[in-house]
Amino acid sequence: MRTNFETLETLASYSINGLKENGVIEFDVANREKLIEAMATEFGVSLATDEDIRDQAIEEVEDKMGVENLPEDVTESEMFNHARKEIIKSFSGENIGGLYLVESLHEIANRMTSFLLNCDLIDDVFGSDEDIHAYFVSNIRAFNPKKN
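To convert, count from 1 in the sequence shown and add 8; that's this note's numbering.
Laid out in structure tokens, this is it:
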């Protein structure tokens with residue numbers, strides 16, 4: 009399964025559902041879609057999708073060959089495949105549910121805890137920073153886009 013921004017939205021929705029069900033956050037249901045998109049965008053800073061890696065690899069090939077010299081089937085080229093593998097290797101090959109960790113799981117949980125506390129779309133946050141951090145670590149580890 010190829011991952012893209014929709015995968016990040018699925019992770020955000022999965023996270024929001026768990027937080028709401030556990031009484032950790034309160035928000036106006038009318039803002040749910042906006043909240044999912046905002047959280048997915050925040051996740052996107054820490055997690056790379058297959059689409060992100062593909063775009064980055066194409067950029068690297070463009071930089072080396074020049075835009076005018078790019079073959080039509082650039083994604084089939086050896087140079088593209090090499091660039092893609094190097095990008096994945098730079099993430100230590102670590103991935104969860106097809107999402108590559110740009111930051112450590114701990115840093116992602118810190119980022120998302122801060123997001124919850126500062127997001128204008130969330131009315132109230134209950135629970136300690138440590139509990140929210142632990143929730144995100146566990147939630148991200150358990151994420152599977154095919155099931156969630």
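By construction, the Cβ of each residue, glycine as well, lies at the ideal position given by its N, Cα and C atoms.
query	result
Spatially closest choice to Cys127 from Glu59, Leu78, Asn12 and Thr49, by CA coordinates	Thr49
Cross-strand partners of Leu109 (DSSP beta bridge)	Leu55
Identified DSSP bridge partners for Glu34	Asp132
Counted within 10 angstroms of its Cβ, other Cβ atoms place Gly31 as buried (16 or more) or exposed	exposed
Ordered list of alpha helix (DSSP H) runs contained in the region 56-104, each at least 4 residues	58-73 and 86-98
Boundaries (first-last residue) of the alpha helix (DSSP H) holding Lys28	Phe13 to Glu29
Close beta carbons around Ser23, own chain, < 6 Å, minus the five adjacent residues each side	Asn147
Gln64 beta carbon near the ligand PLP (any heavy atom closer than 6 Å)	As presented, the structure is devoid of all ligands, the ligand PLP included, so that no description of it is given.
When Phe35, Glu34, Ala56 and Val37 are compared against Leu19, the one with the closest alpha-carbon	Ala56
Separation of Gly74 from Tyr143, as counted between CA atoms	45 Å
Where the alpha helix (DSSP H) through Arg149 begins and ends	Asp137 to Ala150
DSSP three-state assignment for Met47, whether helix, strand or coil	helix
Where Arg119 sits in the DSSP three-state scheme	helix
Simplified DSSP state of Arg10, which is helix, strand or coil	coil
Pairwise C-alpha distance: Leu113 and Leu27	18 Å
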